[in-house]
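What follows is one structure encoded as structure tokens, with my remarks underneath.
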Amino acid sequence: MSDLLTRDFFDRPTHVVAPDLLGRIVQFGPVGVRLTEVEAYGLPGQDPASHTYRGRTPRNAVMFGPPGFLYVYFTYGMHFCANIVCLPEGLGSAVLLRAGEVVAGLDVARERRTGVKDRDLARGPARLAMTLAFGRAQNGLDCFGGGPLRVLAGSPGGKIMSGPRTGVSTGADTPWRFWIDGDPTVSPYRAHVPRRNDRVLRKAVRSAENTDL
DNA sequence: GTGCAGATACACT
DNA sequence: GTGTATCTGCACG
Numbered sequence: 546m547s548d549l550l551t552r553d554f555f556d557r558p559t560h561v562v563a564p565d566l567l568g569r570i571v572q573f574g575p576v577g578v579r580l581t582e583v584e585a586y587g588l589p590g591q592d593p594a595s596h597t598y599r600g601r602t603p604r605n606a607v608m609f610g611p612p613g614f615l616y617v618y619f620t621y622g623m624h625f626c627a628n629i630v631c632l633p634e635g636l637g638s639a640v641l642l643r644a645g646e647v648v649a650g651l652d653v654a655r656e657r658r659t660g661v662k663d664r665d666l667a668r669g670p671a672r673l674a675m676t677l678a679f680g681r682a683q684n685g686l687d688c689f690g691g692g693p694l695r696v697l698a699g700s701p702g703g704k705i706m707s708g709p710r711t712g713v714s715t716g717a718d719t720p721w722r723f724w725i726d727g728d729p730t731v732s733p734y735r736a737h738v739p740r741r742n743d744r745v746l747r748k749a750v751r752s753a754e755n756t757d758l
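In terms of the numbering used here, the first sequence has 675 at position 130, counting the first letter as 1, and numbering is strictly consecutive.
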């Protein structure tokens, strides 16, 4: 199974595309990852968790473009995460690639992430991005442009599960996180722990220390 | 298993 | 100017 999907595949709402994406293979150059966990992000003004919630910015501009393009963003000052844009140009939504299993270019993937167990190579959104070598330069790449980035057909080979995304009030009734049941490469990530108070406290302590110096 | 440090882009005051 | 973020690796138990 290595047929290409068509762009139409992504010309649908994210919560429809996301579960359908499980088991498909994202290939970039020599490395291919079979998706085992994804998360859908909604439209501006509708999904507080989405980067497009507050409208268009230079960073999220790709999300407002046509479907089937890669949106790579930088977060926490050190990590990249990758999404694929859904719905027609101008709407602004995408599916986050959370985890997967390396099924092609395993040797290259191991070289990129030495000392990491095979199952952990793409187990988590930022790890997946590292393994596929997604970075700033890959933001805005077309999955259907005939270039090194492609999405291939595949089947989940397991039961598809879904659950609510954490920390979101609006989408609490609609479970927009999808994974393949029992797959060892599904990221263990916890329900987004809002460590706000801890972080605020730590930051306060740090700045207090700086002041004392 | 749990807890924390890291360091940048962006929205908001 | 300030606070948060679609998180990971490592230290520790």
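For glycine and all other residues, C-beta sits at the position ideal for the given N, C-alpha and C. What you are looking at is a predicted structure, and each value in this text was computed from that prediction instead of being measured.
Look up Ser-707 in the DSSP assignment and give the residues it is bridged to. According to the DSSP secondary-structure assignment, Ser-707 is paired through a beta bridge with Phe-723.
Measuring straight from C-alpha to C-alpha, what distance separates Thr-551 and Gly-568? In this structure, the straight-line span from the alpha carbon of Thr-551 to that of Gly-568 is close to 16 Å.
My understanding is that Leu-686 touches Phe-614, with C-beta atoms under 8 Å, so please give their C-beta distance in whole angstroms. Beta-carbon to beta-carbon, Leu-686 and Phe-614 are separated by about 7 Å, close enough to satisfy the 8 Å threshold.
On a CA-only basis, which of Thr-719, Pro-612, Glu-646, Arg-601 is nearest Pro-633? Give me that one, please. Taking only the C-alpha atoms, the option nearest Pro-633 is Pro-612.
Backbone CA spacing between Arg-658 and Met-675 [nearest angstrom]: A direct Cα-Cα distance of roughly 8 Å separates Arg-658 from Met-675.
Hey, how far is the Cα of Ala-585 from the Cα of Lys-662? Distance from the CA atom of Ala-585 to the CA atom of Lys-662, rounded to whole angstroms, is 27 Å.
Pick from Leu-566, Arg-579, Asp-726, Gly-699: whose alpha carbon is nearest that of Ala-649? Residue Arg-579 is the option with its Cα nearest to Ala-649.
In or out: His-737 buried (at least 16 other Cβ within 10 Å) or exposed? The predicted model places His-737 with a pLDDT of 47, which falls under 50 and marks its position as unreliable; any figure quoted below should be read in that light. Exposed, by the Cβ-count rule.
Which first and last residues belong to the beta strand (DSSP E) in which His-624 is found? In this chain, the beta strand (DSSP E) harbouring His-624 covers 624-631.
Give the DSSP-derived three-state secondary structure of Asp-556 in the structure shown. If DSSP states are grouped into helix, strand and coil, Asp-556 belongs with coil.
Please report how far the alpha carbon of Gly-622 lies from the alpha carbon of Thr-719, in whole angstroms. The alpha-carbon atoms of Gly-622 and Thr-719 are separated by roughly 30 Å.
Whose C-beta lies closer than 6 Å to the C-beta of Ala-654 among residues of the same chain, with five residues either side of it excluded? Around Ala-654, the same chain offers Val-576, Val-647, Leu-666, Thr-676 as residues with beta carbons nearer than 6 Å, after the five sequence neighbours per side are excluded.
Considering only heavy atoms of the ligand COA, does any lie closer than 7 Å to the CB of Leu-677? Judged by which ligands are present, the structure shown has none, so any question about the ligand COA falls away.
Let me know if Glu-582 comes out buried or exposed under the rule of 16 or more other beta-carbons within 10 Å of its beta-carbon. In this structure Glu-582 is buried. Its beta-carbon is surrounded by 16 or more other beta-carbon atoms within 10 angstroms.
Is the Cβ-Cβ distance between Val-562 and Val-640 less than 8 Å? Result yes, Cβ atoms of Val-562 and Val-640 sit closer than 8 Å.
Can Pro-558 and Gly-637 be called in contact, C-beta distance under 8 Å? No, the pair does not count as a contact, with Cβ atoms beyond the cut-off.
Distance between Ile-725 and Phe-625 (C-alpha atoms, nearest Å): Their Cα atoms are separated by approximately 23 Å.
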